[in-house]
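This report concerns only the one structure given below.
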Amino acid sequence: MDKALRNFDRSQAGQVKRLDWRKRMSDHVAFALLFYTGLQIFVTMGALQSNSESILPYFALVLLVAAVIPGARCIEGRWDKLSDEQAADPQLAPLFNRDRLAVWIMALGLPFLVTGVILGVERFL
Numbered sequence: 003m004d005k006a007l008r009n010f011d012r013s014q015a016g017q018v019k020r021l022d023w024r025k026r027m028s029d030h031v032a033f034a035l036l037f038y039t040g041l042q043i044f045v046t047m048g049a050l051q052s053n054s055e056s057i058l059p060y061f062a063l064v065l066l067v068a069a070v071i072p073g074a075r076c077i078e079g080r081w082d083k084l085s086d087e088q089a090a091d092p093q094l095a096p097l098f099n100r101d102r103l104a105v106w107i108m109a110l111g112l113p114f115l116v117t118g119v120i121l122g123v124e125r126f127l
């Protein structure tokens, strides 16, 4: 068993990890959606709390989370369309960084924006 593990390590050491913008963007979108969902629940639940026992605030929270998924899939879809050669092209780094920044700004900013809108509407009414 030890010999097999040593051979495995040697064979893996010779391989260079190939750049793949598609996978990297997919990973960022997945983690950003998880982060957005957790932050949305944490931040918005304080604004949605009420004395009524209605399920409507929780339904609204599910809709808010579900509304972000098409936008995230749109960004991810642009990178999924790349060919194998394009996905390994280092010249796409600035475009990748731009889209990655947009994904994370949305994941970090939208929960606070939504909560602000909810609180603003609540105070207005």
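Heads up, the sequence shown is in the working numbering, so the first residue is 3 and it goes up one at a time.
All residues carry an ideal CB built from backbone N, CA and C; glycine is no exception.
Within its own chain, the residues whose Cβ lies closer than 6 Å to the Cβ of residue 102, once the five positions on either side in sequence are excluded, are 30, listed in chain order.
Taking the Cα of residue 39 as reference, the smallest distance to any Cα among 111, 122, 123 is reached at 111. For residue 92, the number of other beta carbons within 10 angstroms of its own is below 16, and it is reported as exposed. If you draw a straight line from the Cα of residue 43 to the Cα of residue 120, it is about 13 Å long. Under the three-state reduction of DSSP output, residue 125 falls in the helix class.
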